[in-house]
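Enquirer: Submitted below is the structure of interest, expressed as structure tokens.
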Amino acid sequence: MLFDTHTHLDAPQFDEDREEVIQRAVDNGVTRMINIGFNRETIPTTMKLAESYDFIYAAVGWHPVDAITMRDDDLEWISSLCSHEKVVAIGEIGLDYHWDTSPKDVQQQVFRKQIGLARELNMPIVIHNRDAHEDIVKILKEEKASEVGGVMHSFSGSWETAKLCLDMGFHISFGGPITFKNAKQPKEVLAKVPLDRLLIETDAPYLTPHPFRGKRNESAHVKLVAEQAADIKNLSLEELGEITTRNALERFGI
Numbered sequence: 004m005l006f007d008t009h010t011h012l013d014a015p016q017f018d019e020d021r022e023e024v025i026q027r028a029v030d031n032g033v034t035r036m037i038n039i040g041f042n043r044e045t046i047p048t049t050m051k052l053a054e055s056y057d058f059i060y061a062a063v064g065w066h067p068v069d070a071i072t073m074r075d076d077d078l079e080w081i082s083s084l085c086s087h088e089k090v091v092a093i094g095e096i097g098l099d100y101h102w103d104t105s106p107k108d109v110q111q112q113v114f115r116k117q118i119g120l121a122r123e124l125n126m127p128i129v130i131h132n133r134d135a136h137e138d139i140v141k142i143l144k145e146e147k148a149s150e151v152g153g154v155m156h157s158f159s160g161s162w163e164t165a166k167l168c169l170d171m172g173f174h175i176s177f178g179g180p181i182t183f184k185n186a187k188q189p190k191e192v193l194a195k196v197p198l199d200r201l202l203i204e205t206d207a208p209y210l211t212p213h214p215f216r217g218k219r220n221e222s223a224h225v226k227l228v229a230e231q232a233a234d235i236k237n238l239s240l241e242e243l244g245e246i247t248t249r250n251a252l253e254r255f256g257i
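With this note's numbering, letter number 92 in the sequence shown gets 95, and the count goes up by one each step, no holes.
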């Protein structure tokens, strides 16, 4: 019983075998998935997936990499989709200081607008954070994101950053990188995250876990993430799956 809380099954990497990829996930014990629509192209394909499969849900938002393309009517579009029964969060939203595609001030403005929308609609948010830990925490605090909480997706920060996010009511989600041999910090942080705030994900087709690193990731591989997390937490795979699935169901109101 596994829940992949962050995947991109609508990505073009799956165009040749999407149905088989989804079936492999089911065969590996994945009972639910959340697909992420994050710009003008992927929001419609995410909604189509969520409407096609009972066990696939949607999060919709505007990715910081695409922040410069966002218009006011896009925010209205996201708002209108949040009333759909399969939409469970606004995301992925946040800051990305690694890819130089949208100016930092534009990213921050778009991030703040979407937190405001989430508070208005009482929806949890899914946070993308790349090389922006300090500003992410600062904006989450200033915009009172603790009122809705959400998920720190594919967490890569320090325990100090994780604790600040936990204090604001966020769950911490881990993916493939915790299986890497040199991933000392993510493993140490995961060991400290309370069990009732822990989530797992793939971010497929990206961040493929060991031993498939370098190849296309897929939702079936969340089992490898779960096995590593279970080992770190001294739990069985079944216990870890049950706990993280329960956490996800509660967090996303499913």
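Note that the Cβ used here is the ideal one computed from N, Cα and C, for glycine as well.
Closer than 8 Å by C-beta to Q111: which residues in its own chain qualify, once you throw out the five before and the five after it? Chain order, please.
Expert: Here the question's residue 111 lines up with position 108 in the sequence shown. Around Q111: L98, D138 and I142.
Enquirer: Would you check if the distance between the CB atom of G94 and the CB atom of I81 is smaller than 8 Å?
Expert: Here the question's residue 94 lines up with position 91 in the sequence shown. Here the question's residue 81 lines up with position 78 in the sequence shown. In this structure, I81 does not lie closer than 8 Å to G94 by Cβ.
Enquirer: To which residues of the same chain is N220 closer than 8 Å at the C-beta, ignoring the five residues directly before and after it?
Expert: Residue mapping note: residue 220 aligns to position 217 of the sequence shown, counting from 1. Excluding sequence neighbours, N220 sits near G179, T205, D206, A207, P208, Y209, L210, T211 and P212.
Enquirer: Can you give me the C-alpha to C-alpha distance between L169 and I39, rounded to a whole angstrom?
Expert: Numbered from 1 along the sequence shown, position 166 holds the residue referred to as residue 169. Numbered from 1 along the sequence shown, position 36 holds the residue referred to as residue 39. Spanning the two alpha carbons is a distance of roughly 22 Å.
Enquirer: By how many angstroms is the C-alpha of K226 removed from the C-alpha of K218?
Expert: Here residue 218 refers to the residue found at position 215 when the sequence shown is read from its first residue. Here residue 226 refers to the residue found at position 223 when the sequence shown is read from its first residue. Answer to the nearest angstrom: the Cα atoms are 16 Å apart.
Enquirer: In whole angstroms, give me the CA-to-CA distance for D234 and G244.
Expert: Here residue 234 corresponds to residue number 231 of the sequence shown, with the count starting at 1. Here residue 244 corresponds to residue number 241 of the sequence shown, with the count starting at 1. The alpha-carbon atoms of D234 and G244 are separated by roughly 12 Å.
Enquirer: Just confirm the distance between the C-beta atoms of L167 and V140, as a whole number of angstroms; I'd bet it's less than 8 Å.
Expert: Numbered from 1 along the sequence shown, position 164 holds the residue referred to as residue 167. Numbered from 1 along the sequence shown, position 137 holds the residue referred to as residue 140. Their Cβ separation, rounded to whole angstroms, is 5 Å, which keeps L167 and V140 in contact under 8 Å.
Enquirer: Could you name each continuous alpha helix (DSSP H) segment of 4 residues or more that falls completely within the stretch 65-149, going from the start of the chain to the end?
Expert: Those alpha helix (DSSP H) runs which fall completely within the stretch 65-149 and span 4+ residues are 75-84, 107-124 and 136-145.
Enquirer: Count the C-beta pairs between the stretch 48-57 and the stretch 65-81 that are closer than 8 Å, then say yes if the count reaches three, no if not.
Expert: With the cut-off at 8 Å, the stretch 48-57 and the stretch 65-81 do not touch.
Enquirer: Near K147, what residues of its chain come up, given a Cβ to Cβ distance below 7 Å and the 5 sequence neighbours on each side ignored?
Expert: Taking the first residue of the sequence shown as position 1, residue 147 is located at position 144. Only R122 meet the Cβ criterion.
Enquirer: Could you give the distance in angstroms between the alpha-carbon of M171 and the alpha-carbon of K184?
Expert: One-based indexing of the sequence shown puts residue 171 at position 168. One-based indexing of the sequence shown puts residue 184 at position 181. Spanning the two alpha carbons is a distance of roughly 31 Å.
Enquirer: Whole angstroms is fine: what's the gap from H66's alpha carbon to V91's?
Expert: Position 63 of the sequence shown, counted from the first residue, corresponds to residue 66. Position 88 of the sequence shown, counted from the first residue, corresponds to residue 91. Approximately 17 Å, taken between the alpha carbons.
Enquirer: Would you please state the rounded distance, in angstroms, between the beta carbons of I181 and V228? I believe it to be under 8 Å.
Expert: Translated into the one-based positions of the sequence shown, residue 181 becomes position 178. Translated into the one-based positions of the sequence shown, residue 228 becomes position 225. Indeed, because the Cβ distance is near 6 Å, the residues count as touching under 8 Å.
Enquirer: Given that a residue counts as buried once 16 or more other Cβ atoms are within 10 Å of its Cβ, and exposed if not, what is F114?
Expert: Mapped onto the sequence shown, residue 114 falls at position 111. It is buried - the Cβ of F114 has at least 16 other Cβ atoms within 10 Å.
Enquirer: Helix, strand or coil for H174, going by three-state DSSP, please let me know.
Expert: The residue you call residue 174 lines up with position 171 of the sequence shown. In the structure shown, H174 sits in a strand (DSSP, three-state: E or B).
Enquirer: Please classify K116: is it buried, with 16 or more other beta-carbons within 10 angstroms of its beta-carbon, or exposed?
Expert: As a working note, residue 116 is residue 113 in the sequence shown. So K116 counts as buried.
Enquirer: Can you grab the Cα-Cα spacing for the pair C85 / L124, in whole Å?
Expert: The residue given as residue 85 occupies position 82 in the sequence shown. The residue given as residue 124 occupies position 121 in the sequence shown. If I take the Cα positions, the gap works out to 8 Å.
Enquirer: Indicate whether T49 and D13 have their beta-carbon atoms separated by less than 8 Å.
Expert: On the sequence shown, residue 49 is found 46 positions in, with the first residue counted as 1. On the sequence shown, residue 13 is found 10 positions in, with the first residue counted as 1. Closer than 8 Å, so yes.
Enquirer: Since I257 sits in a beta bridge, which residues does DSSP pair it with?
Expert: For the purposes of this step, residue 257 is taken as the residue at position 254 of the sequence shown. I257 pairs with nothing; no bridge assigned.
Enquirer: What is the DSSP secondary structure of H213, reduced to helix, strand or coil?
Expert: Position 210 of the sequence shown, counting from 1, holds the residue named residue 213. If DSSP states are grouped into helix, strand and coil, H213 belongs with coil.
Enquirer: Is H224 helix, strand or coil by DSSP?
Expert: If you number the sequence shown from 1, residue 224 lands on position 221. Helix, per DSSP.
Enquirer: Taking the Cβ atom as the reference point for each residue, do V259 and I130 lie within a distance shorter than 8 Å?
Expert: Since the displayed the chain opens at 4 and closes at 257, residue 259 lies outside it and no answer follows.
Enquirer: Grab me the residues of M73's own chain with a C-beta within less than 6 Å of its C-beta, minus the 5 sequence neighbours each way, in chain order.
Expert: The residue you call residue 73 lines up with position 70 of the sequence shown. W65 and V113, listed in sequence order.
Enquirer: Go ahead and label Q105 buried or exposed: buried means 16 or more other beta carbons lie within 10 angstroms of its beta carbon, across all protein chains shown.
Expert: Your numbering for residue 105 matches position 102 in the sequence shown. Just to set this straight, residue 105 is Ser in the shown sequence, not Gln. Burial call: buried.
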